[in-house]
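Q: By the numbering used here, the letter at position 208 of the sequence shown is numbered 236, and the numbering carries on one by one without gaps. This is the structure, below, for whatever I ask next.
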Amino acid sequence: MVYKKISHFLSGFPAARLTLCLLCGNHSDGNGICPPCAAELPWLQRACRHCALPLSAPAEVSGICARCLQQAPSFNTARAAWLYAFPIGQLVQRFKYRGDLAAGHSLAQLAAGPLRPTDKAPDLLAPIPLHWRRYWQRGFNQSQLIAAELGRQWHLPVHARLLRRVVAREAQLRLKRSQRLRNPEHSFAVCSPVEGRHIGLVDDVITTGATLEAAARALIAAGAAWVSAYALARTP
Ligand SMILES: [Zn+2]
Ligand SMILES: [Zn+2]
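Right under this line is the structure:
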C-alpha cells in the first residue's frame, strides 16, 4: 500500500502532448491552451519588481509598491506570469486540489516564457516544499513540478530538497518571542550549502508573500547572495 503510493510521487510532469485546449476544446499547439485562449489570460503586465504585486496607478512610477517602499522583502525580486483571476485560479485549483496534472503542465509551460530570467539567472531553482503530510496526501508537490518545467526550459538545475519545512515546535524553540509572534506558521531549514549563490524560489501562487519571505530569510541567513522568486500567479 505504502509503496504503491510512493510510486505516484512525481518529480516532474509526465511527458504528454495535449492536442485539445483545456479552455475551449479547440486544437491546441501541444501545450494544452490554444493561442487565442492564451492571449486572453490575465497576464500580469505591471507589477512591483520586489514582490510582483500588480501596480495600477501611473503614480507608482518607481515600479515598487507602497508596501515594499516601506519595507523591502527578504527576496530581491519576485515575478508572476498571471493575476490570480479567471481562468487562472480555476486551472491552478484543478491542478493542486484535483490532481489535474495536465492543467499544471500547461500553465508551467506557458509561464516559462514570460518568467524567463532576463539579466541574472539563478544558479539553481528551489521549490517551496509542502508539509510532508500534505505531500503524502497529494502525491506531488505542485511547486516542484512547476520548478521542474522551468528548469527544463531555462536549462537550470532544480534542487527539490534544498528547503525543508520545519515543524512548528522545532521552529518556535529556535525563535525569539518577538519573531515567534510575527511569523508563527512558516519556517524553513536550508539543507545544502547556498553560500554566495543565487537561488530561484518557485511557488505556485504568491498571496501574502509570507511563505516566500520565510524561505528567503532562511536562505539569506544561510549565506545565499541573491534570492529571486517565480510563481504562476499573484493575488491582487
Ligand atoms: Zn482555447
Ligand atoms: Zn512590492
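Beta carbons: idealized from backbone N, C-alpha and C, even for Gly.
Work out the CA separation of glycine 117 and methionine 29 for me, nearest whole Å.
A: Residue placement at methionine 29 is poorly supported in this model, since its pLDDT is 33, which falls under 50; the coordinates still yield a value, given next. For methionine 29 and glycine 117, the distance between alpha carbons rounds to 33 Å.
Q: Could you name the residues, in chain order, whose CB is less than 5 Å away from a heavy atom belonging to ligand 2?
A: With the cut-off at 5 Å, the residues found are Cys76, His78, Cys79, Leu81, Cys93, Cys96.
Q: Can you give me the Cβ contacts of glycine 237 inside the same chain, cut-off strictly under 7 Å, excluding the 5 residues immediately before and after it?
A: These residues qualify, in order along the chain: Cys79, Pro101.
Q: Would serine 39 be called buried (16 or more neighbouring beta carbons within 10 Å of its own) or exposed?
A: Exposed.
Q: Output yes or no for whether 7 Å exceeds the beta carbon distance between valine 120 and leucine 153.
A: Not closer than 7 Å, so no.
Q: Nearest to proline 264 by CA position, among Tyr112, Cys62, Cys52, is which residue?
A: The option with the nearest alpha carbon to proline 264 is Tyr112.
Q: Since leucine 46 is in the beta strand (DSSP E), which residue starts that stretch and which ends it?
A: Looking at the DSSP string, the run of the beta strand (DSSP E) that includes leucine 46 is 46-48.
Q: Select from Glu177, Gln165, Gly228 the residue whose C-alpha is nearest the C-alpha of leucine 191.
A: That would be Gly228, whose Cα lies nearest to the Cα of leucine 191.
Q: Tell me whether leucine 209 sits in a helix, a strand or coil according to DSSP, three-state version.
A: Because leucine 209 sits at a pLDDT of 47, beneath the cut-off of 50, its placement in the model cannot be relied upon, and the following sentence gives the value as read from the coordinates. Correct three-state label for leucine 209: helix.
Q: How is the beta strand (DSSP E) around leucine 152 delimited, first residue to last?
A: Here the beta strand (DSSP E) through leucine 152 covers 152-155.
Q: Output the distance between the C-alpha atoms of proline 212 and asparagine 54, rounded to the nearest integer angstrom.
A: Residue placement at proline 212 cannot be trusted, given a pLDDT of 45 that sits under 50; what the coordinates show is reported in the next sentence. Those two C-alpha atoms are separated by around 47 Å.
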